[in-house]
Every structure is written in structure tokens, then in C-alpha cells.
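Engineer: Shown below is the structure under consideration.
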């Protein structure tokens, strides 16, 4: 037993840090085949969205991965292991419930599988097979479970980092590289990913053919790649409904809400939509569960706009979000932001909003952004994503 464990530890310890998820699984499966003396080894990872196990890496039966084999949780050999979270051995698959036809086509006779668990969370299943009948003993089960526990931890770490990277890349690709130049206005933005898993914060600003300017900011409830994907869809929907140029901001949010509930049931997001009628010197605003903007119009600090707040997107079956019109005189500065800027566990929300109001003045928007980030972020990295967009009306 000690010799077999040393063979596994050579891969599961020092060798893991430099490997990607795919390289890690392939390397480990090769070592499992050697140590256990089996012909095939396969890792199926759980797809939470579909409730299916997906063949992700295989040695000796690579067709499982090439053909995209999927096994429903609760069905067949791997499905039962996932459902019960217990090891399972089959001495002869001819007399067993096996839903994956590749196992029989490959000539596999005996199987041993164990769950991949990390922190109580099911990640998938690891199973091995032999071309000749074999009775797997308790030592084989213990060894395979040891390997599974270690690969689950390493896989979870690698998947988390991979998802964070993918989320960050997607998020940055969807956010505008620059904001449009609008005569009579100046703008500045800040976007900072949080220290934890990337979330679904976004900001956007676009000019319509009519000359009206739309500004949107929002935050998808949740973290990771899923939140970033939904963020991209919401941003595109807001552009589409806003571009119609026939709906006020509240109606735009209502339209996007209906779309979100139809295509992404169960998800929620907060958002603010602003439409600026440049010639009229007014800004029309609507909120969906989002904090109100802060505006400065004179020599003193900014004020938190007292706007009617509608329910978040995805929160209510039937909702109407009111639109409020606010005067935007020359020199006025208005700041839009996501809650990552003002929320801190150890400081009350009112105190944080007061800090934000004190930092917003009628200086240039770059100076305003610098001051806001210095006072509200300071030397500690925010745990949540932060989006900040400042807009200043420069001329009548």
C-alpha cells in the first residue's frame, strides 16, 4: 500500500501547481491506471445547470470525452455514485445498469467508481475499469477515494481560478473601452474587480440618433462566470430597448425585466437607467433596486438624490418603475455607482453615503473620481466589484 500511495503523492503534491485543469486530470488518470493496474480511468464533472455528469478527461477510453458523453445524476453507474456520494464497484457490467454504451463497446468488464467531493460539494465522479473481470477490494476503494479527494480539491481550485479569469476577460470585453464624446459634457469612469470572485457589475453610455444620451449601470446578483454572462445580456438588452428612443427609463427597465424573467428565471439584478435630453438640461432617471446617484450643483458637497426606487430586475412578476426628472444645470456633476463602492461590513450604509456625498463636488470629473476612490476605497481592496461613472455638464 505504501508504494502505491507514494506513486499517487508524486502527482498530487508538488506536480499540481504548474498544471491546468485538463493537464492535471490527464496526469492523474495516467498515474491511477499505473498504480491500480486498470485499463481505463475517467473523470466526469458535474454540470450544475443540467444536473448531468460530463466526461471531461479519460485515459484508455478517450472516446468518452471526444463524443461528449453525459450521464444524468441518478442513472447508470456514474449517476448512482453521484446521487449516493458513495463508492460503487461492479464485477461484471453485463449484469448491471450501465447507460453509457461506450463502456460495453470498449470491452470493459469491471468498474470501480468514487465521488469527487470538495467541502461537501459534489464536483463529479472518478471511475476506473478493466478489460478482464476483477473484484475490487477495500484497499482499491480506499486508494481511489484518496486520489479522488485530492483531485477534487485541486480541480476545485483550478476551476475557480479558471472561471475567475474567464469572468474577468468576458467582463472587460463587454464593458466599453471609451465613453462617447458628447458636446457640453465630460465623463470619467472607474471599474475595479473585487478581491473575491468576479461579479456582474457593468456600466454603459451611448448616444442615440436623436442626440439623447443614455447611461446605465447595474449589478447582477451572484458571482462568477454566470453573473458575467447575464451582465452581458442585460447590457445588450438595455441598449436595444434604449435605442428604440420611445421609452422613458422606467419603461426600458420594465421591458428588460420581462426579458430577464422569461429567459433567465430566478436571477436578479439591480440597475439605474438615465436619459439625458441635452438641449432641455434635464436628466430622467429610473431605479430598479439600485442606489440613487449623487449630484453636486453648487459650492457645497453632493446630495443623494431622493428618487423613487422600483423593485430589482427579476424580483417581481409584475412591476412598474417610475421615472423621475431632475434638472441638470451647467456645472452640475452626477455620479452613478454600484453598491461595491458604498457597502462595508464594519461601516453603516448611511455613513458611507455621507462620505460619498462629501467627495462629490463640481470639480472636473477626473478629480471627482480620484477623490471618491481615495476616500471610499482607500488602501484596502474592495471585496466586491466597483463601478463608478461621473458626468458633468460643462456648458448651457
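In this note's numbering, the protein residues as written are 1089 to 1484. Just so you know, even glycine gets a beta-carbon here, dropped at the ideal spot from N, CA and C.
(1) What are the boundary residues of the beta strand (DSSP E) that residue 1372 is part of?
(2) Using alpha carbons as the reference points, say which of 1340, 1121 and 1167 lies closest to residue 1141.
(3) Should residue 1072 be labelled buried (16 or more other beta-carbon atoms within 10 Å of its own) or exposed?
(4) For residue 1477, count the other beta carbons within 10 Å of its own beta carbon; 16 or more makes it buried, fewer makes it exposed. Which is it?
(5) Does the Cβ of residue 1243 have 16 or more other Cβ atoms within 10 Å, making it buried, or fewer, making it exposed?
(6) Output yes or no for whether 8 Å exceeds the beta carbon distance between residue 1428 and residue 1367.
(7) So, using beta-carbon positions, are residue 1321 and residue 1292 closer together than 8 Å?
(8) Does the pairing of the segment 1420-1427 with the segment 1380-1393 give three or more beta-carbon distances under 8 Å?
(9) Identify, in the order they occur along the chain, each residue of the same chain with its Cβ nearer than 6 Å to the Cβ of residue 1414, setting aside the five sequence neighbours on each side.
(10) Evaluate the contact criterion for the segment 1187-1207 versus the segment 1169-1179: three or more CB pairs, one atom per stretch, below 8 Å.
(11) Can you list, in chain order, the residues of its chain whose CB lies under 6 Å from that of residue 1348, leaving out five sequence neighbours each side?
(12) Looking at the strands, I want to know which residues DSSP matches up with residue 1329.
(13) Within 10 angstroms of its Cβ, does residue 1198 collect 16 or more other Cβ (buried), or is it exposed?
(14) With DSSP run on the structure shown, which of helix, strand or coil describes residue 1383?
(15) Residue 1468: buried (16+ other C-beta within 10 angstroms of its C-beta) or exposed?
(16) Quick one: which unbroken beta strand (DSSP E) runs of 3-plus residues sit fully inside the segment 1330-1371? Chain order, please.
(17) Since I believe residue 1359 is in contact with residue 1216 (beta carbons under 8 Å), could you give me their beta-carbon distance rounded to a whole number of angstroms?
(18) DSSP beta-bridge partners for residue 1131?
(19) Of all the options 1339, 1134 and 1352, which has the alpha carbon lying nearest to the alpha carbon of residue 1160?
(20) Using C-beta distances below 8 Å, list every residue in its chain close to residue 1411, excluding the 5 sequence neighbours before and after it, in chain order.
(21) Which parts of the segment 1395-1478 are runs of the beta strand (DSSP E), unbroken and 3 residues or longer, counting only runs that do not cross its ends?
(22) Compare the Cα-Cα distances from residue 1464 to each of 1227, 1309, 1440 and 1377 and report the closest residue.
(23) If I measure Cβ to Cβ from residue 1210 and keep anything under 8 Å in the same chain, skipping five residues before and after, which residues do I get?
(24) Could you compute how far the alpha carbon of residue 1305 sits from the alpha carbon of residue 1193?
(25) Which same chain residues end up closer than 8 Å to residue 1274 when comparing Cβ atoms and leaving out the 5 residues on each side of it in sequence?
(26) Taking the alpha-carbon of residue 1361 as reference, which of 1352, 1341, 1218 and 1228 has the nearest alpha-carbon?
(27) For my contact list, residue 1214 and residue 1239 are in at a C-beta cut-off of 8 Å; report their separation, rounded to the angstrom.
(28) Less than 8 Å separating the beta-carbons of residue 1147 and residue 1123?
(29) Which residues in the same chain as residue 1447 place their Cβ atom closer than 6 Å to its Cβ, once the five residues preceding and following it in sequence are excluded?
(30) Identify whether residue 1224 lies in helix, strand or coil by the three-state DSSP scheme.
(31) Is the beta carbon of residue 1153 closer than 8 Å to that of residue 1278?
Structural biologist: With the given structure in hand:
(1) Taking the chain shown and counting its residues from 1, the one referred to as residue 1372 is at position 284. Unbroken beta strand (DSSP E) run through residue 1372: 1370-1376.
(2) Looking up residue 1141 in the chain shown gives position 53. Residue 1167 is the option with its Cα nearest to residue 1141.
(3) The structure shown has nothing for residue 1072, since the chain only spans 1089 to 1484.
(4) Taking the first residue of the chain shown as position 1, residue 1477 is located at position 389. Buried, because 16 or more other Cβ atoms sit within 10 Å of the Cβ of residue 1477.
(5) Within the chain shown, the letter at position 155 stands for residue 1243. Answer is buried; the Cβ neighbour count reaches 16.
(6) By one-based count along the chain shown, residue 1428 stands at place 340. By one-based count along the chain shown, residue 1367 stands at place 279. Taking 8 Å as the Cβ cut-off, residue 1428 and residue 1367 do not qualify as a contacting pair.
(7) Residue 1321 sits at position 233 when you count from the first residue of the chain shown. Residue 1292 sits at position 204 when you count from the first residue of the chain shown. In this structure, residue 1292 does not lie closer than 8 Å to residue 1321 by Cβ.
(8) yes
(9) Reading the chain shown from its first residue, position 326 is the one you call residue 1414. For residue 1414, where only same-chain residues beyond five positions count, the Cβ hits under 6 Å are 1371.
(10) yes
(11) Walking along the chain shown from the start, residue 1348 turns up at place 260. Once the five neighbours on either side are set aside, the close Cβ partners of residue 1348 are 1401 and 1402.
(12) The residue given as residue 1329 occupies position 241 in the chain shown. None; residue 1329 has no bridge partner.
(13) The residue given as residue 1198 occupies position 110 in the chain shown. It is buried - the Cβ of residue 1198 has at least 16 other Cβ atoms within 10 Å.
(14) Sequence index remark: in the chain shown, residue 1383 carries index 295 (1-based). If DSSP states are grouped into helix, strand and coil, residue 1383 belongs with the strands.
(15) Taking the first residue of the chain shown as 1, we reach residue 1468 at position 380. The residue in question, residue 1468, is exposed, as its Cβ has fewer than 16 Cβ neighbours within 10 Å.
(16) 1357-1365
(17) Along the chain shown, one-based indexing puts residue 1216 at 128. Along the chain shown, one-based indexing puts residue 1359 at 271. Approximately 50 Å separates the beta-carbon atoms of residue 1216 and residue 1359; this is outside 8 Å, ruling out the contact.
(18) Counting from one through the chain shown, the residue named residue 1131 turns up at place 43. For residue 1131, which the question treats as bridged, DSSP gives the partners 1145 and 1214.
(19) On the chain shown, residue 1160 is found 72 positions in, with the first residue counted as 1. Out of 1339, 1134 and 1352, 1134 has the C-alpha closest to the C-alpha of residue 1160.
(20) By 1-based counting over the chain shown, the position of residue 1411 is 323. Counting only Cβ-Cβ distances below 8 Å, and skipping sequence neighbours, we find 1336, 1337, 1338, 1339, 1372, 1373 and 1374.
(21) 1412-1415 and 1421-1425
(22) Within the chain shown, residue 1464 is the residue found at index 376, counting from 1. When each option's Cα is compared against that of residue 1464, the closest is 1440.
(23) Counting from 1 along the chain shown, the entry for residue 1210 is found at position 122. So the qualifying residues of the chain are 1134, 1170, 1173, 1203 and 1204.
(24) In the chain shown, the residue the question calls residue 1305 occupies position 217. In the chain shown, the residue the question calls residue 1193 occupies position 105. Rounded to whole angstroms, residue 1305 to residue 1193 spans 54 Å at the Cα level.
(25) For this step, residue 1274 is matched to residue 186 along the chain shown. These residues qualify, in order along the chain: 1452, 1453, 1479, 1480 and 1482.
(26) Residue 1361 sits at position 273 when you count from the first residue of the chain shown. Closest by alpha carbon: 1341.
(27) For the purposes of this step, residue 1214 is taken as residue 126 along the chain shown, with counting starting at 1. For the purposes of this step, residue 1239 is taken as residue 151 along the chain shown, with counting starting at 1. 7 Å between Cβ atoms; contact.
(28) Here residue 1147 corresponds to residue number 59 of the chain shown, with the count starting at 1. Here residue 1123 corresponds to residue number 35 of the chain shown, with the count starting at 1. No; because the gap between Cβ atoms is not below 8 Å, this pair is not in contact.
(29) The residue given as residue 1447 occupies position 359 in the chain shown. Cβ within range, chain order: 1459, 1460 and 1463.
(30) Mapped onto the chain shown, residue 1224 falls at position 136. Of the three classes helix, strand and coil, the one that applies to residue 1224 here is coil, per DSSP.
(31) Residue mapping note: residue 1278 aligns to position 190 of the chain shown, counting from 1. Residue mapping note: residue 1153 aligns to position 65 of the chain shown, counting from 1. In this structure, residue 1153 does not lie closer than 8 Å to residue 1278 by Cβ.
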